[in-house]
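Read left to right, the sequence shown gives residues 1 to 475 (UniProt numbering).
Don't be surprised by glycine CBs; every beta carbon is placed ideally from N, CA and C.
Here the structure comes first, spelled out in structure tokens, and everything after it is commentary.
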Amino acid sequence: MPDKCRDRERIAAISGAGEVPSLPVSAIRGNLCFRCFSPSDDILKCSGCRRAYYCSKKCQKLDWSLMHKNHCKIFQTINEVEEQKYQASRTWAEYRAYLLYIVRVIRNAAPADEDLRYIVQAQAYCASCRRSAIHLSNRKTLLHRCEACRLVFSCADCSPTPEHSPSICDAYQNFARIENFRIAFFEETGKGAPVTCTQFPSPTRKFLKNCAGWYDYFVKISDKPQVKGKFKLDFNSIEDAITRNGTTIEKDEAERMFMFLLCATDNLTMPLTIISALEDISWDKPQLNVHIVGGTEREIVALGNFEEMLHLIPSLRGLHTTVIGPEIPGGFEGKGHYLPRQNVDCCPTCKADGRQRSISLYQGVYHDFMKASEYRKPDLAVLFNSGWVDGEDAKLHWEPTIVALVAAGVPALFTTYNEGEARNEQTRMKELGAKVLVEAEENKWKGLVPTPEFIDEEYGMWYNNAYRYIIQGSN
Ligand SMILES: [Zn+2]
Ligand SMILES: [Zn+2]
Ligand SMILES: [Zn+2]
Ligand SMILES: [Zn+2]
Ligand SMILES: [Zn+2]
Numbered sequence: 001m002p003d004k005c006r007d008r009e010r011i012a013a014i015s016g017a018g019e020v021p022s023l024p025v026s027a028i029r030g031n032l033c034f035r036c037f038s039p040s041d042d043i044l045k046c047s048g049c050r051r052a053y054y055c056s057k058k059c060q061k062l063d064w065s066l067m068h069k070n071h072c073k074i075f076q077t078i079n080e081v082e083e084q085k086y087q088a089s090r091t092w093a094e095y096r097a098y099l100l101y102i103v104r105v106i107r108n109a110a111p112a113d114e115d116l117r118y119i120v121q122a123q124a125y126c127a128s129c130r131r132s133a134i135h136l137s138n139r140k141t142l143l144h145r146c147e148a149c150r151l152v153f154s155c156a157d158c159s160p161t162p163e164h165s166p167s168i169c170d171a172y173q174n175f176a177r178i179e180n181f182r183i184a185f186f187e188e189t190g191k192g193a194p195v196t197c198t199q200f201p202s203p204t205r206k207f208l209k210n211c212a213g214w215y216d217y218f219v220k221i222s223d224k225p226q227v228k229g230k231f232k233l234d235f236n237s238i239e240d241a242i243t244r245n246g247t248t249i250e251k252d253e254a255e256r257m258f259m260f261l262l263c264a265t266d267n268l269t270m271p272l273t274i275i276s277a278l279e280d281i282s283w284d285k286p287q288l289n290v291h292i293v294g295g296t297e298r299e300i301v302a303l304g305n306f307e308e309m310l311h312l313i314p315s316l317r318g319l320h321t322t323v324i325g326p327e328i329p330g331g332f333e334g335k336g337h338y339l340p341r342q343n344v345d346c347c348p349t350c351k352a353d354g355r356q357r358s359i360s361l362y363q364g365v366y367h368d369f370m371k372a373s374e375y376r377k378p379d380l381a382v383l384f385n386s387g388w389v390d391g392e393d394a395k396l397h398w399e400p401t402i403v404a405l406v407a408a409g410v411p412a413l414f415t416t417y418n419e420g421e422a423r424n425e426q427t428r429m430k431e432l433g434a435k436v437l438v439e440a441e442e443n444k445w446k447g448l449v450p451t452p453e454f455i456d457e458e459y460g461m462w463y464n465n466a467y468r469y470i471i472q473g474s475n
């Protein structure tokens, strides 16, 4: 029984939003129930807004009281706006402009409700004429879904099967499989995503730069030799031999282990991307002071497996991490916006060896933190997926931080969700006169969990820390 998903708001209030799966794209596109995230052959649609789907009347009633009563009216207004903007067919550029317009309307109506915007951005539409599900429903025209990925559509006027390339269909099938795994994982464990790190500290330093990628890391550096021979070297799927000749149990087991480790890369990407940058700048001291700049709750949750840094760098005796950002929850006793150094528990082996890990938090922008009395120049500043050039708050919040980082000569590691962003940041960085230590390149340690992107690029997929580069000071 999918009880935990059904109860997710209450669980999020206790464990934090990061520990609960968000509304799946597969639900928004009509494959899963909005309340319990289960599939149903006979899915019900909210007759008011035609944008929410349910496996049963029971789920619909519960969702109304917990969530949908706040959304249904706004969706109905959005549907009217959609109809006013009706066009018989649109190019991708036109559809994109139209989505941006609608998202602006929603932002004005309900500025704080990100779910609402997301549900509209991710809505189903015909891949050929790009009329939305609402446009087609208003005209009683059927929308067929691709039988393989179930996430791409075509309308009855255009073509019996949606036009999309096999690679896009594959990417969406992969994405839907991951969404389903995360829902099942949450039901089983009450956790949002698998977290795993190497269980014991390594006695000798093994360099990430000697690894080709995640498969090598799990087999040669971490402690998962059972992976060997089960997964493909590019960590794309389980081995063909198992798919072909394995028993059902062997196949299920390999598939489950694969999904677990694949999802775990989404958190492990943070410590590994940092370790890899430390190798690049040949950093080697007993105490490491890292600043996570522009951090959110996501980074605070991920600190749990920063112990991986102690486990892969045997010479490291102490690791201090400060997470700084305006979205960090504040109200710390005494200091208000600053949580002073707190020790974090290490594993028994590290503890017995006297190694230490600590964190502190600062609520605010980094260039303010740099002026605060608590500020100590870090060994490395890290900006995970900051979007400091292309993001919404680029000019206002980010530019002063970047200028201050360059002026202070702090080594800084940057990551982005995609190649275009990395290119734009690198260009701007050069205009600012920053010295680039490592040019923008694909990150070997990017997270392998795709996030579909609905506005920048049709069928685009984003990955955590997909690209990376390192700067220090100015030329
Ligand atoms: Zn349901
Ligand atoms: Zn509704
Ligand atoms: Zn069409
Ligand atoms: Zn497909
Ligand atoms: Zn340890």
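Local conformation of residue i per DSSP, three classes
i, result
"PRO452", "strand"
"ALA17", "helix"
"ASN79", "helix"
"ASN174", "helix"
"LEU413", "strand"
"TYR98", "helix"
"PRO166", "helix"
"THR161", "coil"
"VAL382", "strand"
"TRP92", "helix"
"ILE300", "helix"
"PHE153", "strand"
"PRO400", "helix"
"LYS45", "strand"
"LEU143", "strand"
"THR349", "helix"
"ILE328", "coil"
"CYS33", "coil"
"PRO201", "coil"
"CYS72", "helix"
"TYR86", "coil"
"PRO194", "coil"
"PHE231", "strand"
Closest Cα partner of residue i within the set the options
i, options, result
"GLN356", "ALA97, PHE414, LEU316", "LEU316"
"ARG324", "LEU262, SER137, VAL403, ALA381", "The sequence shown places Ile at residue 324, not Arg. If we check each option's Cα against that of ILE324, ALA381 comes out closest."
"GLU458", "SER26, PRO39, GLU82, ALA122", "ALA122"
"LEU23", "ILE11, CYS36, MET370", "CYS36"
"GLU82", "ASN464, TYR101, ALA17, PHE414", "TYR101"
"GLY409", "GLY433, ASP393, SER386", "GLY433"
"PRO411", "ARG428, VAL438, HIS397", "VAL438"
"GLN173", "GLN60, ASN31, TRP64", "ASN31"
"LYS444", "LEU396, VAL25, MET270", "MET270"
"LYS285", "LEU319, GLY294, ILE471, ALA27", "LEU319"
"ILE74", "ILE119, SER38, ALA88", "ILE119"
"LEU288", "VAL219, THR273, ASP379, GLY331", "ASP379"
"VAL344", "ILE359, GLU94, ALA109, SER132", "ILE359"
"VAL297", "TYR362, GLN426, SER47", "The identity of residue 297 in the sequence shown is Glu, whereas the question assumes Val. For GLU297, the nearest C-alpha among the options comes from TYR362."
"ASN79", "LEU44, SER132, LYS377, THR401", "SER132"
"LYS446", "SER276, ARG177, ARG104", "SER276"
"LYS232", "SER386, PHE384, TRP214", "TRP214"
"THR265", "LYS251, ALA302, GLY229, ILE242", "ALA302"
Enclosing alpha helix (DSSP H) for residue i [first to last residue]
i, result
"GLY420", "419-431"
"TRP64", "57-66"
"MET309", "307-312"
"GLN121", "114-121"
"ILE28", "25-28"
"LEU217", "First, the amino acid is wrong: residue 217 is Tyr here, not Leu. Note, TYR217: premise wrong, no alpha helix (DSSP H); not H, not E."
Unbroken beta strand (DSSP E) run spanning residue i, endpoints
i, result
"GLU442", "434-442"
"ASN343", "338-344"
"ILE359", "356-363"
"SER315", "No beta strand (DSSP E) contains SER315, which DSSP labels as neither H nor E."
"ARG6", "No beta strand (DSSP E) holds ARG6; the alpha helix (DSSP H) holding it covers 3-6."
"ILE134", "Note, ILE134: premise wrong, no beta strand (DSSP E); alpha helix (DSSP H) at 133-138."
Which ranges does the alpha helix (DSSP H) cover as unbroken runs of at least 4 residues, wholly within the stretch 236-295, from first to last along the chain? With a minimum length of 4 residues, the continuous alpha helix (DSSP H) runs that stay inside the stretch 236-295 are 240-245, 248-280.
Please write down, chain order preserved, every residue whose beta carbon lies under 6 Å from a heavy atom of ligand 1. The set of residues with any CB-heavy atom separation to ligand 1 below 6 Å comprises, in chain order, CYS33, ARG35, CYS36, SER38, TYR54, CYS55, SER56, CYS59.
Within 6 Å of ligand 4: residues by beta-carbon to any heavy atom: Ordered along the chain, the selected set is CYS146, ALA148, CYS149, VAL152, HIS164, CYS169, TYR172.
Beta carbon nearer than 7 Å to a non-hydrogen atom of ligand 2: After applying the 7 Å Cβ criterion, the set is CYS46, GLY48, CYS49, ARG51, ALA52, HIS68, HIS71, CYS72, PHE75.
Taking any heavy atom of ligand 5 as the mark, which residues have a C-beta closer than 6 Å to it, listed down the chain? Those residues, listed in chain order, are PRO201, GLU307, LEU310, HIS311, CYS346, CYS347, THR349, CYS350.
Which residues are close to ligand 3, meaning CB closer than 7 Å to any heavy atom, in chain order? Here the residues come out as CYS126, SER128, CYS129, ARG131, SER154, CYS155, ASP157, CYS158.
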